[in-house]
Amino acid sequence: MKINARLDDQSEQDLLFIQEQTGETVTRIIKELLAEKAESLRQKTHSGAKMKALLESNFVG
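Heads up, the final residue of the sequence shown is numbered 146 in our numbering, and it's a clean run with no missing numbers.
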């Protein structure tokens, strides 16, 4: 997928800073950030599902 995005000044500065510090391409930076965000959301969803299952199980401990 090809992405065309408009960044505000702060986001542009952040992206350029990351690029300068890591030497990575914009594509690589975006891919890594997307993967991190997706994993964070998966963990949050998975943890919430576990808690819901426990609460619905009528478990007495």
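The beta-carbon is built from N, C-alpha and C at its ideal position, and this holds for glycine as well. Keep in mind it's a predicted model, so treat the numbers as computed, not measured.
Next item on the list: Could you name the residues of the same chain whose beta carbon sits closer than 6 angstroms to that of Ser132, not counting the 5 residues immediately before and after it, in chain order?
Entry: none
Checklist line | Extent of the continuous alpha helix (DSSP H) to which Ile103 belongs | finding: 94-107
Next item on the list: Could you say which of Lys129, Arg127, Ile115, Asn143 lies nearest to Ser96 if we only look at CA atoms?
Entry: Ile115
Next item on the list: Could you have a look at Lys129 and say whether DSSP puts it in helix, strand or coil?
Entry: helix
Margin query: Helix, strand or coil, according to DSSP, for Thr112 in the structure here?
Written below: helix
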